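Worksheet: one structure, shown below.
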Amino acid sequence: MVKAGAAPSAWGHCASLRACSGETCRGRRVSRCPAAAPGSRPRGGAASSPLPGSRSLTARQTRGIPVSSARRRIRRTPHLGKSVSIASLLETAKGQSMLTVRLLKLARPEAERAAEPSVMPAAFARPEDPQDRRTHTVWTGSAAALGILGLRRGSEVAPGPLMGAISGRHPERRVRVCADGDAFDLTFLAPDSVSWLWSQGDFALRADLEQAVLAAADRCVDHLVRTRPLVDGVEPGRGYAAALALHAVGTPQPWTQPPPPLLHVHAYLVGVLDAAGALRGPHYGELHEKTLTREGGAVGRAALANDLRDFGFTITSGTGPDACGFEVTGVPEALLQSGQAADKGCAGLGEETDRDPWDYIPRR
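Residues in the sequence shown are numbered from 7 upward in steps of one, following the numbering used here.
Next up, the structure:
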């Protein structure tokens, strides 16, 4: 079995990236493939990044800015015709599993899954990485909706408060504050090439990619709440409360086989505000409307693609089984295929199944 905290050795064989000349991207080192350096020790793994007040979303523009502010600055930056539009991705997103929606039935195991240490990027930190404690879970949404739950935007997500929020209860007073409805997991999955690139980058590049994936998921949820009638199927939400949890792999320890890197964000949408300022569960039917995941995923991937271009990477469109996705140019096709063939664990749960890949014993 692979020990906790150790980088899966298979990750060390993936790094001859043409986009970065096998060495650096914008000054950040990307490991060479061990095949090109006989006798070298495979390297992989990840490091975490702080939320909020994190490292930059783009090193030259947003150093030290919290993820929400960084995302706003990125959107204001001209891309001189190089940006990926939401409309263009909507046209080509058919069949792509960019976003899945799942009803949350059991609060405790879901909250434990969100903060499981062995799937977090911090579990794959390298000895040379900075030793600061960093988090990959964060509360997001509107101040009014979070305030009803006694929470604050940008604060770290702990299992206890998340369990209460999924149940519609105030985490301290334990009284029900969500008028009705259920909570949902909107899982945003990054392209495989981004995950492999992350597994080979130095600390600064990994931190940037982690922040970009989190910001993309955040923008996806924000867009859906503002544009879809999630309040009773009649009107958009006036605000919302959600927890974001970034995972680096889909399967927790112990492993019999090292899983591939798989950056994905679980966005636990626990409530939306109605016109009267009451916190309600999102409308089940609207969240499972057939175009919602396509639109939400396209919004998230458009934001991610633009940030990747801002980092200096080249994007190759028309990828995937239906030629409808995008990848970072230069990541070997064999690596992408190995990631697509692997079990995605908690990243692969969607509306079509209620299975639990982590074999939790149901507890309330």
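Every residue gets a Cβ at the ideal spot worked out from N, C-alpha and C, and that includes glycine. Computed from a predicted model, the values in this text were never measured in an experiment.
query: Inter-stretch contact (C-beta, 8 angstroms, three-pair minimum) for the stretch 151 to 166 and the stretch 295 to 305; result: no
query: Where L381 falls: helix, strand or coil (DSSP); result: This structure gives no information on residue 381, because the portion of the chain shown stretches from 7 to 370.
query: Per DSSP, the bridge partner or partners of I321; result: V334
query: N- and C-terminal bounds of the beta strand (DSSP E) containing A113; result: From DSSP, A113 is part of no beta strand (DSSP E) but of the alpha helix (DSSP H) over A113 to A120.
query: R286 and G207 closer than 7 angstroms at C-beta; result: no
query: CA nearest to the CA of A218, picked from P242, L152 and A311; result: A311
query: Simplified DSSP state of R286, which is helix, strand or coil; result: strand
query: Beta-carbon gap between A273 and L192 smaller than 7 angstroms; result: yes
query: CA-to-CA distance, M126 to L215, given in whole angstroms; result: 14 angstroms
query: Whole-angstrom C-beta distance between A223 and V271, which should lie under 8 angstroms; result: 4 angstroms
query: Pick from R114, S199, G147 and C352 that is closest to G256, judged by C-alpha positions; result: C352
query: Distance CB(R132)-CB(W145) smaller than 7 angstroms; result: no
query: Element boundaries [beta strand (DSSP E), containing F190]; result: F190 to L195
query: Backbone CA spacing between R114 and A210 [nearest angstrom]; result: 34 angstroms
query: Whether G156 touches E178 by CB criterion (7 angstroms); result: yes
query: Where E339 falls, given that 16 or more other Cβ within 10 Å makes a residue buried; result: exposed
query: A248 (DSSP reduced to helix, strand or coil); result: strand
query: CA nearest to the CA of E118, picked from R244, M169, S344 and D349; result: M169
query: Per-residue DSSP class, three states only, for L6; result: Beyond the ends of the chain as shown, which are 7 and 370, falls residue 6; an answer cannot be given.
query: Residue burial classification, T141 (beta-carbon count within 10 angstroms, cutoff 16); result: buried
query: Endpoints, alpha helix (DSSP H) assigned at T233; result: F209 to T233
query: Where E178 sits in the DSSP three-state scheme; result: coil
query: Burial state of T106 (16 or more Cβ within 10 Å); result: buried
query: Test item: CB-CB of V231 and V183 under 7 angstroms; result: no
query: Close Cβ partners of T233 (< 7 angstroms) along its chain, the five nearest in sequence each way excluded; result: P242
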